[in-house]
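Protein chains: 2
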Amino acid sequence: MHVKEALRTTLDRNLALISGSIEFLRQQGKTVFYDAEHFFDGFKDDPQYALATVGKAMEAGAECVILCDTNGGSLPNQIRNAIEAVKEKFPGIAFGIHAHNDSDLAVANSLIAVEMGAVQVQGTINGVGERCGNANLCSIIANLCLKMGLACLGPEHLARLRQVSRFIMEMANIPPNRYQPYVGRSAFAHKGGVHISAVEKNPKTYEHIEPNLVGNKRRILVSDLAGRTAVTRKAEEFGLELSKGDPVAMQVLEELKDLENQGFQFEAAEASFELLINKTMGKSKKYFDLVGFRVIDQKQSENKDPCQLPRNRSEAERK
Amino acid sequence: MHVKEALRTTLDRNLALISGSIEFLRQQGKTVFYDAEHFFDGFKDDPQYALATVGKAMEAGAECVILCDTNGGSLPNQIRNAIEAVKEKFPGIAFGIHAHNDSDLAVANSLIAVEMGAVQVQGTINGVGERCGNANLCSIIANLCLKMGLACLGPEHLARLRQVSRFIMEMANIPPNRYQPYVGRSAFAHKGGVHISAVEKNPKTYEHIEPNLVGNKRRILVSDLAGRTAVTRKAEEFGLELSKGDPVAMQVLEELKDLENQGFQFEAAEASFELLINKTMGKSKKYFDLVGFRVIDQKQSENKDPCQLPRNRSEAERK
Chain L
1 MHVKEALRTT LDRNLALISG SIEFLRQQGK TVFYDAEHFF DGFKDDPQYA LATVGKAMEA
61 GAECVILCDT NGGSLPNQIR NAIEAVKEKF PGIAFGIHAH NDSDLAVANS LIAVEMGAVQ
121 VQGTINGVGE RCGNANLCSI IANLCLKMGL ACLGPEHLAR LRQVSRFIME MANIPPNRYQ
181 PYVGRSAFAH KGGVHISAVE KNPKTYEHIE PNLVGNKRRI LVSDLAGRTA VTRKAEEFGL
241 ELSKGDPVAM QVLEELKDLE NQGFQFEAAE ASFELLINKT MGKSKKYFDL VGFRVIDQKQ
301 SENKDPCQLP RNRSEAERK
Chain X
1001 MHVKEALRTT LDRNLALISG SIEFLRQQGK TVFYDAEHFF DGFKDDPQYA LATVGKAMEA
1061 GAECVILCDT NGGSLPNQIR NAIEAVKEKF PGIAFGIHAH NDSDLAVANS LIAVEMGAVQ
1121 VQGTINGVGE RCGNANLCSI IANLCLKMGL ACLGPEHLAR LRQVSRFIME MANIPPNRYQ
1181 PYVGRSAFAH KGGVHISAVE KNPKTYEHIE PNLVGNKRRI LVSDLAGRTA VTRKAEEFGL
1241 ELSKGDPVAM QVLEELKDLE NQGFQFEAAE ASFELLINKT MGKSKKYFDL VGFRVIDQKQ
1301 SENKDPCQLP RNRSEAERK
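These protein sequence lines are chains L and X, in that order. In terms of our numbering, the first sequence opens at residue 1 and continues consecutively. In terms of our numbering, the second sequence opens at residue 1001 and continues consecutively.
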């Protein structure tokens, strides 16, 4: 389908184009990695022809063949079966994987390929890419290093994963995904009372890795689900002495629940929670009184500089 | 670890608690589904004990045992191996899966469990949940129905998947993820010239499913990567007649590229692009002139109603 309908050429001509392009590049002394676009879809339609394109690329001198799930529609089993067929037909082939996330499976599909011997994984930091994104290298790298024991990055580089993730989002002008595995702001955030208490006893209960391995950190969230452990833990973070048995801890918790019932939220407002503890402990100070404030935005005409105020200000105001 | 450190009880006492709780509920005439929290981590630490807890739950009368990857740290192979051990020890067991997304694998892990016979999948719409979220039911349902041929939702319900996804985000007050598989705004968005041209010839080239099956739709994005196909396709959407050969199409494309180079973006500003085409076709009208505008926010004191203006307005203004 891809050859006949998208490229509008014949199957034989397509094979000749693959050979020709790779041979040309090889003659220029280049190392060639062949991206087999739409390989997995092609394999579903016509396995023999899909394998023939890979064979042509190898014959023509490609050093590595990248098997692509271009539209992101393949399931892990389909990836596994197609790679098995490739390895059977071309023993010793050097291959890579290029997965898209349209089925929410790009990370899993990439890991399967690595398990089966892929030597290159194509992806992007944070999975930035067309439609639902490319395979997310942050998740893949962390899984390979920390779960599968493959040393693709040293620990000192892995510890900068979160920093790199944030940098790329900054550059791309995309808000970071707080729920992103490993590097997101919420990846090691604990809210429920039981969870917080368990994490205090042993972080491994609710944390699959140590957050600092990928440059992230644990966050204890305060909410109506929190218990006294959460309150005293936060007080400690703010440098305030408050023991779990202190009646003030219970009072803070009551006040918190009352305010949440009124619609307030403190999960993302840590400074407000700090003020709440201070107030309940009788430590808050009043630094200033509000007398009033005023914000004005104005534009006087399409072409005039908006910063330039009208000359006769009082006249303009009386209109 | 979970039993001894988090629950602070003994292994035997934990087994007795499982039996006791389930037997109690059974005596009340309830159907009991047992959630084996931390099952996969427990299995990694001590497979025999993890299996023993499942055995106790079944003996005590649980109708279904839900195997939980509570901290989301398990890889697909670990899920597969543990489920195999459960099935081997308890042939005919009714089991389910509860996966978290901390390793970016919750969807893949859930699909594996279904392949192996799971009768319940626990997850949430859009994967809303602690830390990196629970397994995303939108992706799982779509994959099961459209890729694995399991009729878990009829086509008329599946076609409301995007609507349900948006509704839940609205209720949870979380901005929808435009890159979300199947239901996101960008899931079927095409930008590159070659991609748009291929999708025009046959959508299957770059779309793994028909967008309307899940209530989504195709979007053609205009950007400096677009070609004349994209411009004429958008003009058609706006009800404007513009053929691919028309020099105006080329002119719109030039203007678009020029404006993008200046920093403008039209991908998310379709109405602005419509105005641009109209202008280039000489069809734009000027409906009004800007004379000026002014926005004022003010608050005069901490306790006064902000809507209440000061009584002597001109005096206040002259201050």
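Ideal Cβ placement from N, Cα and C applies to all residues, glycine included. Note that the coordinates shown come from a computational prediction; the quantities given were computed from them, not determined experimentally.
In the DSSP assignment, Thr-1280(X) forms no beta bridge with any residue. Assignment of beta-bridge partners to Arg-1219(X) by DSSP yields Ala-1189(X).
Separation of Asp-1258(X) and Asp-1041(X) (C-alpha to C-alpha, rounded to the nearest whole angstrom) is 56 Å. By the Cβ criterion, the stretch 224 to 241 of chain L is not in contact with the stretch 145 to 164 of chain L, since fewer than three pairs of Cβ atoms, one from each stretch, lie closer than 8 Å.
When secondary structure is reduced to three states using DSSP, Ala-36(L) falls in the strand class.
Using a Cβ-Cβ cut-off of 8 Å, Phe-266(L) does not count as an interface residue toward chain X, since no Cβ of chain X sits closer than that to its own.
In the DSSP assignment, Arg-80(L) falls within the unbroken alpha helix (DSSP H) covering 76 to 89. With contact defined as three or more Cβ pairs closer than 8 Å, the stretch 1110 to 1117 of chain X and the stretch 141 to 152 of chain L are not in contact. Taking C-alpha positions only, Ser-19(L) is separated from Arg-178(L) by approximately 46 Å. Straight through space, the alpha carbons of Leu-242(L) and Glu-254(L) are spaced by roughly 15 Å. Just so you know, the alpha carbons of Gly-1227(X) and Asn-134(L) end up roughly 23 Å apart.
According to the DSSP assignment, Leu-1240(X) belongs to no beta strand (DSSP E), since it is labelled neither H nor E. No Cβ of chain L is located within less than 8 Å of the beta carbon of Pro-1047(X).
DSSP places Cys-1145(X) inside the alpha helix (DSSP H), whose first and last residues are 1137 to 1146.
Ranking Lys-56(L), Ala-189(L) and Lys-89(L) by CA distance to the CA of Ser-21(L) puts Lys-56(L) first.
In this structure, the beta-carbon distance from Val-1032(X) to Glu-1063(X) falls below 8 Å. Counting only Cβ-Cβ distances below 8 Å, Gly-1292(X) has contacts in chain L at Gln-298, Lys-299, Gln-300 and Ser-301, in chain order. Scanning the stretch 3 to 32 of chain L from its first residue to its last, the whole alpha helix (DSSP H) runs of 4-plus residues come out as 11 to 27. For the options Gln-1180(X), Gln-1048(X), Ser-1110(X) and Gly-1123(X), the alpha carbon positioned closest to that of Glu-1088(X) is the one of Gln-1048(X). Annotated as distal: Ala-249(L) and Asn-212(L), with beta-carbon spacing of 8 Å or more. In terms of Cα proximity to Phe-1266(X), the closest of Asn-1136(X), Gly-1292(X) and Ser-1223(X) is Ser-1223(X). Chain-ordered listing is empty here: chain L has no CB closer than 9 Å to the CB of Glu-1260(X), the nearest sitting near 14 Å. Annotation for Ile-1168(X): no beta strand (DSSP E) segment contains it, though the alpha helix (DSSP H) segment containing it runs 1161 to 1172. Of all residues in the stretch 1114 to 1136 of chain X, only Glu-1115, Gly-1127, Glu-1130, Arg-1131, Cys-1132, Gly-1133 and Asn-1136 come within less than 8 Å of chain L when Cβ atoms are compared, listed by chain position.
Look at Asp-102(L) here: in three-state DSSP terms it is coil, with no helix or strand label. Straight-line measurement puts the Cα of Ala-106(L) at about 28 Å from the Cα of Glu-1156(X). Across the stretch 70 to 99 of chain L, CB contacts with chain X closer than 9 Å involve Thr-70, Asn-71, Gly-72, Gly-73, Ser-74, Leu-75, Pro-76, Asn-77 and Gln-78, in sequence order along the chain. Neighbours of Leu-105(L) in chain X, taken as residues at a C-beta separation under 7 Å, are given in chain order as Val-1107 and Ala-1108. Where Gln-251(L) is concerned, the enclosing alpha helix (DSSP H) starts and stops at 247 to 261. Within the model, the alpha-carbon separation for Ala-52(L) versus Leu-15(L) is close to 8 Å.
The three-state secondary structure of Thr-1124(X), taken from DSSP, is strand. Residues of chain X whose Cβ lies closer than 9 Å to the Cβ of Ser-186(L) are, in chain order, Glu-1130, Arg-1131, Cys-1132 and Gly-1133.
For Val-199(L) and Glu-1170(X), the gap between their C-alpha atoms comes out near 31 Å.
Around the Cβ of Asp-102(L), a 10 Å sphere holds 16 or more other Cβ atoms; the residue is buried.
Beta-bridge analysis with DSSP links Gln-298(L) to Arg-1294(X). 8 Å or more divides the Cβ of Val-1128(X) from the Cβ of Gly-1096(X).
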